[in-house]
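**Student:** After the structure tokens below, expect a handful of questions from me.
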Amino acid sequence: LEDGGFIEEWREKQQAIIAERDEGARKRHDETVEKARQEIDKFYDEYNEKRDKRVQENRANQEIELQQATTGNVWERTLRQIDIVSKSVSSTQAAEVKSVRSPPASSRSGQTQSPFSLEARGGAFGSRARESVEAGSSIQIRDTTRMRELLQDLKKDPKAPGIEAKS
1 LEDGGFIEEW REKQQAIIAE RDEGARKRHD ETVEKARQEI DKFYDEYNEK
51 RDKRVQENRA NQEIELQQAT TGNVWERTLR QIDIVSKSVS STQAAEVKSV
101 RSPPASSRSG QTQSPFSLEA RGGAFGSRAR ESVEAGSSIQ IRDTTRMREL
151 LQDLKKDPKA PGIEAKS
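Put into structure tokens, the structure is as follows:
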């Protein structure tokens, strides 16, 4: 019978130890959950502040761009749009610009080209873009410098179409 009393006493101690561990685990769990909720709330507060700030900046920029879009002649507005697109492409080109055009079939097969062919004169995308493809580059960027030069000439020419219709 002594063994039965010893076992009972041991079981009670074990249950008390287990109850203490369970209570400690519950407290740690509750603290972790509360801390996670606070971190989530903090994250969303910061996110909403940043989003609101971006919205305000975008609205201000949109008003400025709208004013600029309605001033000047058609060629000035076109040049501004090219500049905007060029800036947005240059900021993302390192990661996302993909090849627009593969090298001409004649250069891949080793055949000679006619000096009058489109590819020999610089192709539809300009000689710089073609050279980057020939150099083995996987990224090809359209060269807009010639187009910009033409549009700047049109902007300066008082007899160019669209100059008389100033906004």
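The numbering of the sequence shown is full-length UniProt numbering, which starts it at 1 and goes up by one. Glycine residues also receive a C-beta, built at the ideal position from the N, C-alpha and C atoms. In this text, all values refer to a predicted model and were calculated from it rather than measured experimentally.
Assign Thr-144 to one of three DSSP states: helix, strand, or coil.
**Tutor:** Thr-144: coil per DSSP, three-state reduction.
**Student:** In three-state terms, what does DSSP make of Ala-160?
**Tutor:** DSSP places Ala-160 in coil when its eight states are reduced to three.
**Student:** Determine, using beta carbons only, whether Ile-82 and Thr-144 come nearer to each other than 8 Å.
**Tutor:** Contact: yes.
**Student:** Under the three-state reduction of DSSP, which class applies to Thr-71: helix, strand or coil?
**Tutor:** Thr-71: coil per DSSP, three-state reduction.
**Student:** Excluding the five sequence neighbours on either side, which residues of its own chain have a C-beta within less than 6 Å of the C-beta of residue 219, listed in chain order?
**Tutor:** Here the chain comprises residues numbered 1 to 167, so residue 219 is not present and cannot be evaluated.
**Student:** Measure the beta-carbon distance from Leu-150 to Thr-78 and round it to whole angstroms, keeping in mind my assumption that it falls under 8 Å.
**Tutor:** The Cβ separation is near 10 Å, so there is no contact.
**Student:** Exposed or buried, what is Glu-31 when buried is set at 16 or more other beta-carbons lying within 10 Å of its beta-carbon?
**Tutor:** So Glu-31 counts as exposed.
**Student:** Quick one, are the C-beta atoms of Glu-76 and Lys-155 less than 8 Å apart?
**Tutor:** Taking 8 Å as the Cβ cut-off, Glu-76 and Lys-155 qualify as a contacting pair.
**Student:** Which whole-angstrom value is the C-beta distance of Arg-80 and Gln-68, which I expect to be below 8 Å?
**Tutor:** Right, their Cβ atoms sit about 6 Å apart.
**Student:** Give me the Cα-Cα distance between Ile-7 and Glu-20, rounded to the nearest whole angstrom.
**Tutor:** Roughly 20 Å between the two C-alpha positions.
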